[in-house]
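A.B. asks: Questions regarding the structure given below will be posed in turn.
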């Protein structure tokens, strides 16, 4: 039962007392386009009723990502006395949204039940499309359930998000992934009519453990790996070579939020002079498919911000690394980035110019711009010279001794940006 605080605060607390028959699941519009093999989808669906799916509706805890988002949402929708509708933001447009809203009102008029609208990949809708749902959610005319692989605070309108309850589907532990992979292997073997492999259960457990280490806590990736590797195996005996063939590209993938977490970890490791940690976070980003030029640009920034005046060769090195990455690309540029990261992490650190410039920006925000003193102004015309521009300026190279000359206006003479 979905409690009254779920989604938008408009559900009646007694709504769950009605004995409503469960509606069969409608075929998803984009199911055939899914990259998940048919048997893998079947495995995912059956796995929803296991121990890992218990207590997933608590508002105070993080839930496990092995539960397919759509299946969780559909289970919740079926527990509400309402009529469920489903749409995908990947394949449907603004016109489709309006049609769904009209259909929802028709259903409500006929059945006297509110409509539960499940939207897969809701982050694919732009801000204008998301605004379409807002008035209906506010009035409680529809119960909106959305699934997204992105951070909703980045991708959803603040007004819509503030009226929703957010559930976080966390990465699964290796032990749980291993169980799922082992079950998927058993299903594949049964469907293919193969017998138990040599080594029996222990062999399957070892392969399932390898799958768990490869899929970064994502059960869907684990099932896909098993499906592809099993089809490539000989006689139903999956080996590590089969797993490597199934991994034609990296599965250490992450979303927008973790992208920024990883670059933050890399930057802070360089700043903290931990070359070991910095190299690890670089590897995580490159293995996950991050753009090497993005990383190189950030290294240029680190060279100036964190190393700065303590080692003036750091900035040219970082710029050279960026240019080298532009020239040769991946995978050859990985060692160039590793070279640069190691140098920056080991280099002495100085934030003197970084902090001084931040003080300049703070002054510019707080005060009116100061005028340029007349003796420092450019005087290319006779009129400007007559106005006093450039008058009494002392050309420093003409003097053997330090020149007593002000370079800030009178009202700023006592301000120091450097410590």
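Numbering (UniProt numbering), first residue to last: 1 to 419. All C-beta atoms in this analysis are idealised placements derived from N, C-alpha and C, irrespective of residue type, glycine included.
1. Within 10 Å of its beta-carbon, does residue 327 have 16 or more other beta-carbons around it, so buried, or fewer, so exposed?
2. Spatial neighbours of residue 185 within its chain, please: CB distance less than 8 Å, with the 5 preceding and 5 following residues excluded, ordered by chain position.
3. Which residues in the same chain have their Cβ closer than 6 Å to the Cβ of residue 417, if we skip the five residues on either side of it in sequence?
4. Let me confirm a value: residue 170 is counted as buried when at least 16 other C-beta atoms fall within 10 Å, else exposed. Which label applies?
5. Once the 5 residues before and after residue 308 are set aside, which same chain residues still bring their CB inside 7 Å of it?
6. Based on the DSSP secondary-structure assignment, which residues constitute the bridge partners of residue 147?
7. Which two residues bound the contiguous alpha helix (DSSP H) that contains residue 301?
8. Between the segment 109-121 and the segment 142-151, are three or more C-beta pairs nearer than 8 Å?
9. What does a CB cutoff of less than 6 Å around residue 156 pick up in its chain, not counting 5 residues either side in sequence?
10. What does the Cβ neighbour count give for residue 224, buried or exposed, with the cut at 16 atoms within 10 Å?
11. Mind reading off the beta-carbon distance from residue 385 to residue 375? Whole number of angstroms is fine, and I expect it under 8 Å.
12. Under 8 Å, do residue 363 and residue 415 count as touching if we go by C-beta distance?
13. What residue from 114, 334, 220, 181 has the CA that sits closest to residue 293's CA?
14. With DSSP as the reference, label residue 70 as helix, strand or coil.
15. Would you tell me roughly how many angstroms separate the C-alpha atoms of residue 98 and residue 129, rounded to the nearest one?
16. Between residue 270 and residue 345, is the Cβ-Cβ spacing less than 8 Å?
17. Count the other CB atoms, across all protein chains shown, that sit within 10 Å of the CB of residue 305; report buried if there are 16 or more and exposed otherwise.
18. By the DSSP assignment, the alpha helix (DSSP H) with residue 233 in it spans what residues?
19. Relative to the alpha-carbon of residue 388, which residue among 216, 214, 377 has its alpha-carbon at the smallest distance?
20. Just list the alpha helix (DSSP H) runs in the segment 303-346, keeping only unbroken ones of 4 residues or longer that don't cross its boundaries, in chain order.
21. Does the pairing of the segment 310-329 with the segment 295-302 give three or more beta-carbon distances under 8 Å?
22. Run through DSSP, which three-state label would residue 221 get?
C.D. replies: With the structure as the only source:
1. Residue 327 is exposed by the Cβ-count criterion.
2. 204, 207, 208, 226, 230, 238
3. 356, 359, 360
4. exposed
5. Cβ contact annotation for residue 308 (same chain, cutoff 7 Å, sequence separation greater than five): 350, 351, 352, 353, 354, in chain order.
6. Beta-bridge pairing links residue 147 to 120.
7. 292-302
8. yes
9. none
10. Buried, by the Cβ-count rule.
11. Not quite, the Cβ-Cβ distance comes to about 12 Å (not below 8 Å), so this is no contact.
12. yes
13. 334
14. Residue placement at residue 70 is flagged as unreliable, the pLDDT there being 49, under the threshold of 50; a coordinate-derived value is accordingly withheld.
15. 10 Å
16. Their beta carbons are under 8 Å apart, which means residue 270 touches residue 345 by this criterion.
17. With 16 or more neighbouring CB atoms inside 10 Å of its own CB, residue 305 falls in the buried class.
18. That residue, residue 233, is in no alpha helix (DSSP H); it is neither H nor E in DSSP.
19. 377
20. Restricting attention to alpha helix (DSSP H) runs no shorter than 4 residues, the segment 303-346 encloses them at 314-328, 334-346, ordered along the chain.
21. yes
22. helix
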